[in-house]
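To start, the structure under review is shown below, and the notes come after it.
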Amino acid sequence: MKFSARLRWLWLTLGIVFLDRASKAWIESRPEDYFPHPIITNTVNLVYSRNPGIAFSFLAGYSSSAVRVLLIAGALIIIGFIAWLLVASRSAGALQAAGLALLLGGATGNVTDRILHGAVTDFLEVWLRFMPWRIFHPWPAFNVADSAVTIGAVFVVLEVLFGGQHPRSSAKK
Numbered sequence: 014m015k016f017s018a019r020l021r022w023l024w025l026t027l028g029i030v031f032l033d034r035a036s037k038a039w040i041e042s043r044p045e046d047y048f049p050h051p052i053i054t055n056t057v058n059l060v061y062s063r064n065p066g067i068a069f070s071f072l073a074g075y076s077s078s079a080v081r082v083l084l085i086a087g088a089l090i091i092i093g094f095i096a097w098l099l100v101a102s103r104s105a106g107a108l109q110a111a112g113l114a115l116l117l118g119g120a121t122g123n124v125t126d127r128i129l130h131g132a133v134t135d136f137l138e139v140w141l142r143f144m145p146w147r148i149f150h151p152w153p154a155f156n157v158a159d160s161a162v163t164i165g166a167v168f169v170v171l172e173v174l175f176g177g178q179h180p181r182s183s184a185k186k
């Protein structure tokens, strides 16, 4: 059986989902007094956070079952659309295919968390240092899936902005 080149990118999607679920399971298995756990002093910590909302805890205050169902349904629609783009598109380059695979893996990892736990588990906290004032401020906690979504979006945007220079055959010769 021969798979199209586009379907091969699904391995990247599966890898992201696996890494995301494994990392969240490891974090969830740690005792409460483990957190925060410094990885790089004054820069990166492991934390344990549940986000019932979406990016940057938007809608986190609305943790009703109706909002949860809407977030899950919206995510499933987006996952279906991204999967369709990944498999059906014939004109996209490798960067866009990788981006779509990363977006698909990240969205799947987070929606799985939302279905299983009602919220997304976040565990990486990065402190940003603003010079010259030596002010430290934490970036909102994130996870492997969030990172994949961010990197995937950057790849897709780069492909759209700079990779769309595909040669076209002209009918006039």
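Residue numbers (the working numbering): 14 to 186.
In this text, a Cβ means the ideal position worked out from N, Cα and C, and glycines have one as well.
{"Asked": "Beta-carbon gap between G112 and V169 smaller than 7 angstroms", "Found": "yes"}
{"Asked": "Under 7 angstroms between C-beta atoms of P49 and N58", "Found": "yes"}
{"Asked": "Touching by the beta-carbon criterion (3+ pairs, under 8 angstroms), the segment 74 to 94 and the segment 157 to 171", "Found": "no"}
{"Asked": "Beta-bridge pairing of W97 - partner residues as DSSP gives them", "Found": "Beta-bridge pairing links W97 to no other residue."}
{"Asked": "Close beta carbons around I92, own chain, < 7 angstroms, minus the five adjacent residues each side", "Found": "L117, A120, T121 and V124"}
{"Asked": "Pairwise C-alpha distance: S102 and N64", "Found": "33 angstroms"}
{"Asked": "Whole-angstrom C-beta distance between L137 and A114, which should lie under 8 angstroms", "Found": "The Cβ separation is near 21 angstroms, so there is no contact."}
{"Asked": "Range covered by the beta strand (DSSP E) that runs through R63", "Found": "V57 to N64"}
{"Asked": "Counterpart residues of E45 in DSSP-defined beta bridges", "Found": "Answer is none; E45 lacks a bridge partner."}
{"Asked": "Counted within 10 angstroms of its Cβ, other Cβ atoms place I29 as buried (16 or more) or exposed", "Found": "buried"}
{"Asked": "Alpha-carbon to alpha-carbon, A88 and I95", "Found": "10 angstroms"}
{"Asked": "Range of the contiguous alpha helix (DSSP H) that encloses I128", "Found": "A107 to H130"}
{"Asked": "Proximity below 7 angstroms, CB of D126 to CB of A154", "Found": "no"}
{"Asked": "For R103, three-class secondary structure by DSSP", "Found": "coil"}
{"Asked": "Neighbourhood of I128 by C-beta, 8 angstroms cutoff - its chain only, sequence neighbours within 5 removed", "Found": "I85"}
{"Asked": "Neighbour-count burial assignment, A158, 16 or more Cβ in a 10 Å radius", "Found": "buried"}
{"Asked": "7 angstroms Cβ cutoff met for G176 and G106", "Found": "yes"}
{"Asked": "G28 - DSSP class collapsed to helix/strand/coil", "Found": "helix"}
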